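See below for the structure under consideration.
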Amino acid sequence: MQRQTGAGLFFKRCIDRLAAALGLLCLAPVMAITALAIRATMGGPVLFRQVRPGRGGRTFQLVKFRTMLDANDADGNPLPDEQRLTRTGQFLRATSLDELPQLWNVLRGDMSLVGPRPLLVEYLPRYSPEQARRHDVLPGITGWAQVNGRNALGWDERFRLDVWYVDNWSLALDAKILALTLLRVVQRQGISHEGSATMFKFQGAGALSVVSDGARPSSPPPPAPGHPG
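Residue numbers (our numbering): 46 to 274.
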């Protein structure tokens, strides 16, 4: 086990920033085309910005490509996510192109390439002490939970995998997660199905919080230490 401190953390941050800078440079044409497609099909703004908690619960502004319309019902309330998610947005999510602007967050030091995904600020007081340990490291564009089920996982399992990553982090594990992420994107595994664009909100430790279509990963993820398979 290699904690994210000292030399290990230094090398991880160097790799993160170098990869983010190269990614922003090399993927600039792809990001430009994506921005034009969003502008043409959804109008502005092109980017979605939201405050999220990072390492130690400190907040930062996460950026993603926008995937949903700002559409409301007759009472002025936002329509369900599945009704606001456009075909362009579905494609961006299925290919994970909507995540590309987060390379800027990585370059700034808000995020890492690999780590637990940054969730909503409102979840912070709802975590159990064990679940809150997911904030002991920088959040990531992809993570151990994402390559072991992504949105097909319930919250408890997702947080268990996040904490497993915190306890078992290594540069080799990060490399494995990045490779598996590319494979999952190509195979389009773990993407929310039509009619369930996003997960139910996390209501707190022990609450019933599963993905809305009830899907489960095709194969169980590896158990964390001390957890029965």
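Glycine residues also receive a C-beta, built at the ideal position from the N, C-alpha and C atoms. Computed from a predicted structure; not experimentally measured.
Could you check how far apart the C-beta atoms of L158 and V151 are, in whole angstroms? I think they sit under 8 angstroms.
Between V151 and L158 the Cβ distance is about 6 angstroms, and since that is below 8 angstroms, they are a contact.
What three-state label does DSSP hand R162 in the structure shown?
Coil, per DSSP.
C-beta contact flag for R165 and T187 at 8 angstroms
Sequence inspection shows Leu at residue 165; the Arg mentioned does not correspond to that position. No, these two residues do not count as a Cβ contact at 8 angstroms.
Straight-line gap, T133 to G51 (C-alpha atoms, nearest Å)
T133 and G51 have their C-alpha atoms roughly 42 angstroms apart.
Inspect the CB distances between the region 96 to 107 and the region 171 to 184 and report whether three or more fall short of 8 angstroms.
Touching, yes.
Per DSSP, which one or two residues make a beta bridge with T104?
In DSSP, T104 forms a bridge with P98.
Assuming the contact rule is C-beta atoms closer than 8 angstroms, R203 and A190 should be a hit. Round their C-beta distance to whole Å, please.
Contact between R203 and A190 holds, since their C-beta atoms are separated by about 5 angstroms, short of 8 angstroms.
Which word fits N193, buried or exposed, when buried means at least 16 other C-beta atoms lie within 10 angstroms of its C-beta?
Buried, because 16 or more other Cβ atoms sit within 10 Å of the Cβ of N193.
Can you tell me which of the three DSSP states R146 falls into?
Per the sequence presented here, residue 146 reads as Pro, with Arg not at that position. In the three-state reduction of the DSSP assignment, P146 falls in the coil class, being assigned neither a helical nor a strand state.
Proximity below 8 angstroms, CB of T112 to CB of R94:
At a Cβ-Cβ threshold of 8 angstroms, T112 and R94 do not count as neighbours.
Report, in whole angstroms, the separation of the C-beta atoms of L114 and T131, which I expect to be a contact under 8 angstroms.
Contact holds; Cβ gap of about 6 angstroms.
Using CA atoms only, rank isn't needed, just tell me which of Q135, D143, R129 is closest to V91.
Cα-wise, what sits closest to V91 is D143.
Going by alpha carbons, who is nearest to R84 out of L69, F110, A66?
Checked all of L69, F110, A66; the closest Cα to R84 is F110.
Close-in-space but distant-in-sequence residues of the same chain around L253 (CB under 8 angstroms, 5 per side omitted)
Note that L253 scores a pLDDT of 48, beneath 50, so its modelled location is shaky; the value from the coordinates is reported in the next line. Cβ within range, chain order: n/a, list empty.
Mind checking A77: buried by the 16 CB within 10 Å criterion, or exposed?
With fewer than 16 other CB atoms across the displayed protein chains lying within 10 angstroms of its CB, A77 is exposed.
Cβ neighbour criterion (16 or more within 10 Å) applied to F56:
Exposed, by the Cβ-count rule.
Would you report the Cα separation of L124 and P74, rounded to the nearest angstrom?
Cα to Cα, L124 sits roughly 33 angstroms from P74.
Could you give the first and the last residue of the continuous alpha helix (DSSP H) run that contains T131?
Unbroken run through T131: none, as it is neither H nor E.
Sorted by chain position, which residues of the same chain lie with C-beta nearer than 7 angstroms to L169's C-beta, five sequence neighbours on each side aside?
Contacts found: P98, G102.
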